Structures are given as C-alpha cells and as structure tokens.
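K.L.:
Be aware that the sequence shown starts at 22, since it is given in the working numbering, and climbs by one per residue.
Cβ atoms here follow ideal geometry from the backbone N, Cα and C, with glycine treated the same way.
Only a predicted model underlies this, so the values are computations on that prediction, with no experimental measurement involved.
Before we start, here is the structure in question, set down as structure tokens.
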Amino acid sequence: DMNGLMIQIDVKPAVNPQAVLQELYRLTPLEESFGINNVVLVDGVPTTLGLYDLCKAYIDHRLEVIVRRTQFRLEKAQDRLHILEGLLIALDAIDEVVAIIRSSENAAEARDRLIERFELSVIQATHILDMPLRRLTALAKLELEEEAASLRTDIAGYERLLKSEDRRRKLVLKELGELVDTHGQDRRAEIINADDIPVFERPKENDTSFDTDSDEPCVVTLSSSGNLGRVPTEGAKKGVAGRHDLVASALVTSTGTAIAAVTSEGRAFVFHAGEAADAGGRTRGNAAAQQLGLNKGEDALALVGAGEEHLVLVTARGIAKQVTADEVLATKSGKPVIGLKDGDRVVAAFRAPAGVDVIAVASDGQVLRMPLDSISVQGRGAGGVVGMKLKAGAGVVGAGPVIGDGVVLTITSDSAAKATPYEEFESKGRGGQGVRVAKLGAAETVTLAWFGSLGSIGGPGDLLAQMADDEDPKKLDPNPVPFDIEASKRDLVPTKTERQVMVLAPSRW
22 DMNGLMIQID
32 VKPAVNPQAV
42 LQELYRLTPL
52 EESFGINNVV
62 LVDGVPTTLG
72 LYDLCKAYID
82 HRLEVIVRRT
92 QFRLEKAQDR
102 LHILEGLLIA
112 LDAIDEVVAI
122 IRSSENAAEA
132 RDRLIERFEL
142 SVIQATHILD
152 MPLRRLTALA
162 KLELEEEAAS
172 LRTDIAGYER
182 LLKSEDRRRK
192 LVLKELGELV
202 DTHGQDRRAE
212 IINADDIPVF
222 ERPKENDTSF
232 DTDSDEPCVV
242 TLSSSGNLGR
252 VPTEGAKKGV
262 AGRHDLVASA
272 LVTSTGTAIA
282 AVTSEGRAFV
292 FHAGEAADAG
302 GRTRGNAAAQ
312 QLGLNKGEDA
322 LALVGAGEEH
332 LVLVTARGIA
342 KQVTADEVLA
352 TKSGKPVIGL
362 KDGDRVVAAF
372 RAPAGVDVIA
382 VASDGQVLRM
392 PLDSISVQGR
402 GAGGVVGMKL
412 KAGAGVVGAG
422 PVIGDGVVLT
432 ITSDSAAKAT
442 PYEEFESKGR
452 GGQGVRVAKL
462 GAAETVTLAW
472 FGSLGSIGGP
482 GDLLAQMADD
492 EDPKKLDPNP
502 VPFDIEASKR
512 DLVPTKTERQ
522 VMVLAPSRW
C-alpha cells in the first residue's frame, strides 16, 4: 500500500496462483474501481480533459515556454554581442579612441564623436566610455573575442530552435526525461487496459489442483524484452513487430504441462504453461520478472520443457554445465540449477541435441568451439566445469549450439557487426581460449553474440535488431528493424552499422 506494507501469499505447488489472485481481487479491497472528474483550466476556461488531451495541453504549454524562453535568451545574447562588437572596435583603434576622449570637453561630446567616427550605436559608445583601463590589455581583448564567438554560436542555436518545431519537441522530450531522472519514482502498480486482464474461472470447491481438463496445445514465448506470454499453436494475430516481438526463447507445449524458465542467476521457476498470460491480443504477455518474482537485475533467459535434449548453461566466467530437462522440471520453483560463484552469472541457457558442438564468444573477440559431450552432465547443485579459458578482463557474452549451416553474429562496442560461418571455427576441446573472430580496435569489445541461420529477410522468424535510440544512445529504440548482413571469413574487420545494435532475436512472425 502507500505506506510500503507488502503481503506475500504462498500457495501450494499444484494451485494456480493467477486464479487465487483473481479471487483476492473479487473478494477483497485489493482491487478498486473509481472515476475521476478531471477538470482543468485550458486558456482560462474550465475544461474536462481525458488523459490524452491533458498530456497534449501540457506539451503545448511546454512548447510555448521553450519559445518564450529562447526568445528571451536570444535577445539577451544579441544585446551582449552588440556591446562586445563595439568594445572590440574600440580596442582595435585604442589610440584614436583615447585621443578623441581626451580632446572632448565632456562625455556627451566624446560619445557623439565616437559614434560619428566608428559608426557605433549609442549603447556601444556609452560602454566604450565606461570601459575600465584593465580592458586595454591583450588578454582582456582575447577574452572578449572568445565571449563574442561563444555568443554567436549560442545565437545560431537559438535561431535554429525557434525555426524548427521538431527541435522544440525533441527538447521537450529531453527535458521531461531529465525531470523523470531527477524526480521520478518507480511505479508500484502496473497499469494495463481492462480488456487485457486475464479472465479466470473460480476454482471448484475443495479443488486445489491445476485445471488440465481443458488442456490445449500452445506456444509459450519469452521475448528479449522479458515478457512471458502464451499463444495458440497457430500463432498470434500478425501485426507490426514491436519491442516485445523479438523472441529469445519459445516452447511448443500445452496449457496443462509444467515448464520452467531459467534465469541469469541460475534459478529455475516451474509453472504450468496455462499460467502464462495470453500474448495473442494487444499485449504480449506479462513481464517475467513480475510473474515469476525475479530479483532486481535478474533476467529470464530460456524456457525448458520435457524432452531428451539437455539444458546447457554457460556463465560469464566461462563455466559450462549440462542439466537434464527432468532435473530442471523437478527443481523446486525459484531454486538454483547451477552453483554459481560470487560475482558470476549465467549469460546463455539453451537446449541442445546430443552430438552437436557448442560455441562460446568472449568480450575480447575470442571464440571457442567445443563438443557438447565434453561438457559434463551434472545435478542441480553442481557448479559446472571450465568451458572456456578467458584472458584477463574478458567475459563470455554469449553461447549457442552449432546446428545446421549457421553463423556466429557478433556486435562490437564501436557499432560494428560481423557474421562468421560455423565452419570457420575448428572444434577443440573445452578449456581453451579459442581463436579471434574479428580484428577489433584497441578499446573495442564484443558486446553481443547471436547464433543461427540468417535466412531471408522479410519472412516469419527472421532476425530483428533493436538499435540504440537516436537521442539517447543508452536507451533502446522501441521499433525493431530487420537485420541483414553478409557472412565473411574469420578474423576480418567488422562492418559498421548505422547505430549501435543492442538486441538481436528472431521475429515472432
């Protein structure tokens, strides 16, 4: 609540927590509905506004503030520059200026003679007469010239801002972002559309088991943005790909089947597929962090279902491990499936068939290909074996199975990319440092690695990229774009990209 009180309700493993939550909403004051009479003054007139019109009115106000503020700053800068130009004229002919002043009977005559001789304004001539002797030094003149140059730059910027509405709107967006960074607080409640609220039937009396009577085939997806959702096997209704449509992991299953999500802290969260929120409408499911109860900074990496393929885990420090799917699904929800050392975290989790190779990529551009069979199959509590030996300061950024004719796609910190075919890397034993994937700059590092087939751009499942935002490179552009690149031999210079690539994943469609 508003005082920070939190209540945790633990349910039995077989109970659907979403159904319990729905009953709490229905029977307690946990959920409230109320209306708002949102009357505000618009141009001095009381007006009832919706949220959209309210935001628009505020943005229009901020645009007006920017115009008036910029006009004021422009006038001040122009006035100051006008004075500086007069002072610089006087300094360039200081001997003549002094002679005129000394030969004049009074200040008024001196001002008029200066105006006539140097074509100055009254304001400029007055400031010349008021100029102290210390301004006569060469250093003082240099300071005036630097100030004048700075003012000209400022004036040009003000004029561009006043001429461009697009610049003013970007400035409003930037200032609002600064307000959020300075005064913003994390929202404690999630705001969703009423139509997107999942509808659960009330459990039958004395029935605490998950309802598998309506067990239906489905696909559970985990997006690169961290959303966990469920769609029918025929797929969700197609639309324009957004930030929640880059699929990091997908699992074909049924609503009554138990599956698990494995996280960057090496924990497994087991749940029934039917408990995943519907991702077929306007939403793309719910945040996995919220639905699973992840820790701050913990990310869901992969989904695991029953089957013969083992789960492969690779950590930032180069540790690797295999765990059987049955072992993962038998884990108590929230418990670890790998014993991590302090400071280490899982960077890759994926299923792999027996007999294939695994490729790991380090931040310094080293790539190691090793047989999957060389990585031990261990129990949940084991800490794994050394998969890749790392150089000082390097860490594993990604790993994946070698299946088919695919590529290792690497992204560097200097906004460059390189796709290298699998066959460029010879299979070695685990524990090696690998070979160099590309020629990197002195301070350039590999920040991202993706494994798979590039395919044809424009079709279902094609590779999409989320780039850095134009205005703030630390933020993600919410609109993913198809990523097309030609494969090349190992140890060549990467290709520059338009912007920094932050996320790579196949499209939902």
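Would DSSP call P38 helix, strand or coil?
P.N.:
Here P38 sits in helix by DSSP.
K.L.:
Using 9 Å as the threshold, is the C-beta distance between G287 and I359 below it?
P.N.:
Cβ atoms of G287 and I359: closer than 9 Å.
K.L.:
Please list, in chain order, all residues of the same chain as R457 whose beta carbon is under 7 Å from its beta carbon, the five residues on each side excluded.
P.N.:
G386, Q387, D512
K.L.:
Rounded to whole angstroms, what is the Cα-Cα separation between D491 and R305?
P.N.:
Approximately 25 Å between the Cα atoms of the pair.
K.L.:
Please report the residue range of the beta strand (DSSP E) in which Q399 lies.
P.N.:
Per DSSP, Q399 lies in no beta strand (DSSP E) segment and is marked neither H nor E.
K.L.:
Considering only residues of the same chain and omitting the five flanking positions on each side of S142, which have a CB-CB separation below 8 Å?
P.N.:
H103, G107, I136
K.L.:
Do L8 and A369 have their C-beta atoms within less than 9 Å of each other?
P.N.:
As displayed, the chain neither begins before 22 nor continues past 530, which places residue 8 out of reach and without an answer.
K.L.:
Spell out the partners DSSP gives Q487 in its beta bridges.
P.N.:
V524, per the DSSP bridge assignment.
K.L.:
Taking just the CA atoms, how far does I176 sit from D133?
P.N.:
30 Å
K.L.:
Just mark Q29 as buried or exposed, buried being the case when its beta carbon has 16 or more other beta carbons within 10 Å.
P.N.:
exposed
K.L.:
Does DSSP put F55 in a helix, in a strand, or in coil?
P.N.:
If DSSP states are grouped into helix, strand and coil, F55 belongs with coil.
K.L.:
What does the Cβ neighbour count give for D187, buried or exposed, with the cut at 16 atoms within 10 Å?
P.N.:
Exposed: under 16 other Cβ atoms inside 10 Å.
K.L.:
Within this structure, are the beta carbons of A381 and V406 separated by less than 9 Å?
P.N.:
no
K.L.:
Could you give the distance in angstroms between the alpha-carbon of E96 and the alpha-carbon of Q145?
P.N.:
16 Å
K.L.:
For the beta strand (DSSP E) that contains L334, what are its first and last residues?
P.N.:
331-336
K.L.:
If we ignore side chains and look at the alpha-carbon of each, how far apart do R94 and F504 end up?
P.N.:
CA-to-CA, the gap between R94 and F504 works out to about 44 Å.
K.L.:
Who are the near neighbours of V291 in its chain, counting only those whose CB is closer than 7 Å to its CB and skipping five residues on each side?
P.N.:
A279, A281, L350, T352, S354
K.L.:
Helix, strand or coil: which one does DSSP assign to K410?
P.N.:
Of the three classes helix, strand and coil, the one that applies to K410 here is coil, per DSSP.
K.L.:
Between the region 334-345 and the region 306-320, do three or more beta carbon pairs fall short of 8 Å?
P.N.:
no
K.L.:
Which of the three DSSP states is assigned to F93 in this structure?
P.N.:
helix
K.L.:
Where in the region 124-206 do unbroken runs of the alpha helix (DSSP H), each at least 4 residues long, occur, reported from the N-terminal end onward?
P.N.:
Here the runs fully enclosed are 128-139, 143-150, 159-184, 186-204.
K.L.:
Between the region 74-93 and the region 118-134, do at least 3 Cβ pairs fall closer than 8 Å?
P.N.:
no
K.L.:
Using a Cβ-Cβ cutoff of less than 7 Å, which residues in the same chain neighbour S6 once the five nearest sequence positions on both sides are dropped?
P.N.:
This structure leaves residue 6 out entirely; the chain is present only between 22 and 530.
K.L.:
Can you tell me which of the three DSSP states D378 falls into?
P.N.:
strand
K.L.:
In whole angstroms, what is the alpha-carbon distance linking R208 and K195?
P.N.:
21 Å
K.L.:
Count the other CB atoms, across all protein chains shown, that sit within 10 Å of the CB of N227; report buried if there are 16 or more and exposed otherwise.
P.N.:
The predicted position of N227 is uncertain, since its pLDDT is 36 and thus under 50; a value taken from the coordinates is nonetheless stated next. Classification for N227: exposed.
K.L.:
Span of the alpha helix (DSSP H) holding L350?
P.N.:
346-350
K.L.:
What does L324 pair with, by DSSP beta-bridge criteria?
P.N.:
A282
K.L.:
Please name the residue or residues paired with H265 in a DSSP beta bridge.
P.N.:
Paired residue(s): none; H265 is not in a bridge.
K.L.:
Can the beta-carbon of E166 be found less than 9 Å from the beta-carbon of L109?
P.N.:
In this structure, E166 places its C-beta atom within 9 Å of the C-beta atom of L109.
K.L.:
If V423 sits next to R401, beta carbons under 8 Å apart, how far is it from one beta carbon to the other, in whole angstroms?
P.N.:
Contact doesn't hold; Cβ gap of about 26 Å is too wide.
K.L.:
Is the beta carbon of G295 sitting closer than 9 Å to the one on G277?
P.N.:
yes
K.L.:
Output the distance between the C-alpha atoms of Q454 and D202, rounded to the nearest integer angstrom.
P.N.:
42 Å
K.L.:
With a CB to CB cut of under 7 Å and the five nearest residues on each side skipped, what residues in its chain are close to A297?
P.N.:
V241, L249, G250, R251, G306
K.L.:
Whole angstroms are fine: how far does the CA of D299 sit from the CA of G263?
P.N.:
16 Å
K.L.:
Just the Cα atoms here: how many angstroms apart are R190 and A161?
P.N.:
39 Å
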